[in-house]
Amino acid sequence: MAKVILWWVAAGICILIVWGFVAYLKDMNQAYERVRGQSSVLASPYGNIEYKTGGSSSGTPVLVIHGGGGGYDQGELISNVVLDNQFFWIAPSRFGYLGSELPANATWDDQADAYAFLLDHLKIEMVAVVAMSQGGPSALLFAVNHPERVSSLICLSCGVAASASEVQADANRKGTILKTIFQYDVLYWTASKLFKKQLLGIIGATDNVIAGLTPVQQENADHFIEYMNPAAPRSAGAVFDNEAQMPGSRIAAITAPTLIIHAKDDLLQLYHNAEFAFSTIPGSELMSYESGGHILMIVEQFAVKQAVTE
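Under my numbering, read the sequence shown as residues 7 to 316, first letter to last.
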């Protein structure tokens with residue numbers, strides 16, 4: 007009898023493994039198809055720059071800069087969440103993400119210059135800039151190095167300057183975990199399917215934020231997690247994000263009107279970043295929330311979208 011039970015257990019495990027492998031192959035095929043052929047690629051002194059545009063061609067141009075684990079596809083998701091159809095958005099993949107190359111010895115300044123090169127190609131002189139999370143450093147330095155091209159700057163839960171606190175050390179550990187997961191498609195896919203709540207926690211959402219998500223908010227959060235598949239083509243960018251130096255006090259040179267939007271319970275890009283940016287960028291405005299974590303723009307979508315539009 008015991009042998010029969012063990013046989014059935016072994017058979018069940020084999021079936022689960024086969025089912026999981028088939029599901030993985032199917033999802034990966036769909037993920038690679040989703041990011042293939044949907045963007046444009048521009049040759050530049052910084053390597054290939056991948057980008058996608060959308061919205062109203064006659065609208066105000068907005069440069070949308072994605073966060074860690076993203077790409078032009080995450081930029082498009084951000085546009086759908088915080089912009090309406092009156093804007094013309096440009097969503098590049100940052101260095102090392104999807105079809106954008108990572109130049110040797112790249113810096114955030116190089117990335118900022120690559121944005122300028124892209125805008126020259128598109129014949130756009132000035133843009134509003136919306137950046138999320140680890141898209142913050144290059145967006146801030148774009149405003150520093152190319153002030154004549156930035157009409158306004160909005161930082162959504164952005165990284166700006168590191169601190170020496172114990173909480174920062176925990177956030178850094180989360181970044182290291184994400185960097186590791188992104189090395190292999192199967193690791194991120196498994197986490198996104200079997201450990202979604204834990205993955206949201208690593209991304210910077212507290213248990214209370216996750217538990218309080220409405221069905222619509224949960225759907226948007228699921229899209230952000232799903233759209234980080236496939237992960238491997240984003241791995242070089244994830245490594246760069248975790249190793250490049252933050253802009254720090256250089257942001258004092260920013261002259262563009264700047265709005266900083268951040269949650270105090272963000273566990274990935276700590277609220278320290280918002281306080282530092284607000285105290286350092288002349289004339290900047292701070293829109294803070296007690297709760298929302300690193301997915302604040304999903305939790306407070308209506309208010310964030312209204313503020314971004316204004």
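Just so you know, even glycine gets a beta-carbon here, dropped at the ideal spot from N, CA and C.
**Message:** For A1 and H268, what's the separation of their Cα atoms in angstroms?
**Reply:** Past the boundaries of the shown model lies residue 1; the chain is included only from 7 to 316, so the question cannot be answered.
**Request:** Measure the beta-carbon distance from S99 to Y57 and round it to whole angstroms, keeping in mind my assumption that it falls under 8 Å.
**Result:** 7 Å
**Prompt:** Starting from T59 and walking both ways along the alpha helix (DSSP H), at which residues does that stretch end?
**Reply:** Note, T59: premise wrong, no alpha helix (DSSP H); beta strand (DSSP E) at 55-61.
**Asked** With a CB to CB cut of under 6 Å and the five nearest residues on each side skipped, what residues in its chain are close to D247?
**Response** G74, Q140
**Asked** Between which two residues does the beta strand (DSSP E) containing I267 stretch?
**Response** From DSSP, the beta strand (DSSP E) with I267 extends over 264-269.
**According to DSSP, residues forming a beta bridge with L292** = I266
**Request:** Could you round the C-beta distance between S63 and Q92 to whole angstroms and report it? I think they count as a contact, below 8 Å.
**Result:** In fact, because the Cβ distance is near 11 Å, the residues do not count as touching under 8 Å.
**Item:** Between the CA atoms of P153 and I208 - distance to the nearest angstrom
**Value:** One C-alpha to the other measures close to 34 Å.
**Request:** Let me know the secondary structure DSSP gives A145 once reduced to three states.
**Result:** helix
**Request:** Mind the definition here: the region 239-258 touches the region 283-299 only if three or more C-beta pairs lie below 8 Å; say whether that holds.
**Result:** Yes, the region 239-258 is in contact with the region 283-299.
**Message:** Using 8 Å as the cut-off, can you tell me whether the region 212-222 makes contact with the region 290-300, which would need three or more C-beta pairs spanning the two stretches below that distance?
**Reply:** yes
**Request:** Please classify F308: is it buried, with 16 or more other beta-carbons within 10 angstroms of its beta-carbon, or exposed?
**Result:** exposed
**Request:** State the Cα-Cα distance for the pair L206 and G60, rounded to the nearest angstrom.
**Result:** 28 Å
**Endpoints, the alpha helix (DSSP H) within which L69 is located** = Element bounds for L69: not the alpha helix (DSSP H) but the beta strand (DSSP E), 66-71.
**Asked** Would you report the Cα separation of D228 and E306, rounded to the nearest angstrom?
**Response** 16 Å
**Message:** Just to confirm, is the Cβ distance from S163 to L69 under 7 Å?
**Reply:** no
**Message:** Quick check on A97: does DSSP put it in helix, strand or coil?
**Reply:** A97: strand per DSSP, three-state reduction.
**Request:** Note down, in chain order, each residue of its chain lying with its Cβ closer than 7 Å to the Cβ of S241, except the 5 sequence neighbours on either side.
**Result:** F188, Q189
**Item:** For A97 and Y78, believed in contact at Cβ under 8 Å, the rounded distance
**Value:** Contact check for Y78 and A97: beta-carbon distance about 5 Å, within the 8 Å limit, so the pair qualifies.
**Prompt:** With burial defined as no fewer than 16 other Cβ atoms inside 10 Å of the residue's Cβ, what is the status of P221: buried or exposed?
**Reply:** exposed
**Prompt:** Between M252 and P143, is the Cβ-Cβ spacing less than 7 Å?
**Reply:** yes
**Request:** List the DSSP bridge partners of P51.
**Result:** G53
**Request:** Per DSSP, which residues does S46 bridge with? Please list them.
**Result:** Note: S46 sits in a beta bridge opposite Y57.
**Request:** With a 10 Å radius around its C-beta and 16 neighbouring C-beta atoms as the bar for buried, classify Q36 as buried or exposed.
**Result:** Q36 is exposed by the Cβ-count criterion.
**Prompt:** Looking at I231 and A137, is the spacing between their C-beta atoms short of 7 Å?
**Reply:** no
**Item:** Range of the contiguous alpha helix (DSSP H) that encloses A283
**Value:** 277-286
**Request:** For the beta strand (DSSP E) containing I160, list its first residue and its last residue.
**Result:** For I160, the uninterrupted beta strand (DSSP E) segment begins and ends at 156-162.
**Message:** Measuring only the C-alpha atoms, how far is R179 from I304?
**Reply:** 24 Å
**Prompt:** Are the beta-carbon atoms belonging to S158 and P263 less than 7 Å from one another?
**Reply:** yes
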